[in-house]
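Using the working numbering, you'd call the opening residue of the sequence shown number 48 and step up by one each time. All remarks here apply to the structure that follows.
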Amino acid sequence: KRYLETDSLDTQLLNWDTMVKEGGDVKIVEDYLSGAVKVINGIRRQDLRLFGQGMIQDGVVTPVRAKFITGYDDVRYAALSAGAAGFTISGSGPSVVALAYYKRGAQIVGDAMRRAFEKHGVDCKIYVAKVDNTGAKRI
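Here it is in structure tokens:
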């Protein structure tokens with residue numbers, strides 16, 4: 048069977064997901080791809096909620112790296128409880144990133160994250176930044 052013959056990236060990833068399921072017990076890859084599909088579709092559709100769900104859904108790398116970030120689970124819970132659309136480790140850590148719907152929301156989420164880190168004795172800096180939607184440009 049040939050699976051990757053469509054011109055739609057989300058369909059290709061979903062087909063890869065189907066192919067993996069047929070190949071045996073590979074739940075880790077399945078979980079990873081479903082999160083990746085949400086991130087890609089969130090970008091394509093300009094859907095912040097879907098993009099955030101994909102950020103949260105990483106079941107492969109994040110659980111391993113989170114163990115090395117003091118207070119990670121509490122900070123994640125604080126961010127999401129404060130209204131973050133998404134939350135994950137930035138790069139390979141130890142920085143974390145949260146996604147908010149608007150600037151004031153980002154400040155509220157950032158304050159909640161700071162308080163959670165402080166409960167674990169971790170000093171942190173919160174940066175609120177706007178996403179640059181212009182893409183690559185020559186300077």
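Glycine included, each C-beta is placed from N, C-alpha and C at the ideal position. Given the structure is predicted, the values throughout are model-derived calculations rather than measurements.
inquiry  = Just to confirm, is the Cβ distance from Ala125 to Arg162 under 8 Å?
reply    = Within the sequence shown, numbered from 1, the residue matching residue 125 stands at position 78. Within the sequence shown, numbered from 1, the residue matching residue 162 stands at position 115. Cβ distance < 8 Å, so Ala125 and Arg162 count as in contact.
ask   = Between the beta-carbon of Met160 and the beta-carbon of Thr135, is there less than 8 Å?
value = By 1-based counting over the sequence shown, the position of residue 160 is 113. By 1-based counting over the sequence shown, the position of residue 135 is 88. No, the pair does not count as a contact, with Cβ atoms beyond the cut-off.
query = Just reading off the beta strand (DSSP E) that Phe164 is part of, what are its end residues?
reply = Taking the first residue of the sequence shown as position 1, residue 164 is located at position 117. First-last for Phe164: 150-166, but that is the alpha helix (DSSP H), not the beta strand (DSSP E).
key: Cβ neighbours of Ile173 in the same chain (closer than 7 Å, five flanking residues each side left out)   = Here residue 173 refers to the residue found at position 126 when the sequence shown is read from its first residue. Cβ within range, chain order: Gly157, Met160, Arg161.
query = Does the segment 83-102 come within contact of the segment 111-124, defined as at least 3 CB pairs closer than 8 Å?
reply = no
message = Classify Lys85: buried if its beta carbon has 16 or more other beta carbons within 10 angstroms, exposed otherwise.
response = The residue labelled residue 85 in the question sits at position 38 within the sequence shown. It counts as buried.
query = For Thr109, which residues from the same chain have a beta carbon less than 7 Å from its beta carbon, with the 5 sequence-adjacent residues on both sides left out?
reply = In the sequence shown, residue 109 corresponds to position 62, counting from 1. Only Thr135, Ile136 meet the Cβ criterion.
Cα-Cα separation, Gly138 to Arg112 = Sequence index remark: in the sequence shown, residue 138 carries index 91 (1-based). Sequence index remark: in the sequence shown, residue 112 carries index 65 (1-based). Their Cα atoms are separated by approximately 10 Å.
inquiry  = Quick check: Ala132 and Tyr148, are their CB atoms within less than 8 Å of each other?
reply    = Walking along the sequence shown from the start, residue 132 turns up at place 85. Walking along the sequence shown from the start, residue 148 turns up at place 101. In contact: Ala132 and Tyr148 (Cβ atoms closer than 8 Å).
request  = May I have the straight-line CA-CA distance separating Gly168 from Thr117, to the nearest angstrom?
outcome  = In the sequence shown, the residue the question calls residue 168 occupies position 121. In the sequence shown, the residue the question calls residue 117 occupies position 70. Cα to Cα, the separation comes out at about 9 Å.
request  = Could you round the C-beta distance between Leu146 and Gly99 to whole angstroms and report it? I think they count as a contact, below 8 Å.
outcome  = Translated into positions along the sequence shown, residue 146 becomes position 99. Translated into positions along the sequence shown, residue 99 becomes position 52. About 5 Å separates the two Cβ atoms, so the contact holds.
ask   = According to DSSP, is Thr135 helix, strand or coil?
value = Along the sequence shown, one-based indexing puts residue 135 at 88. In this structure, Thr135 counts as strand in the three-state DSSP scheme.
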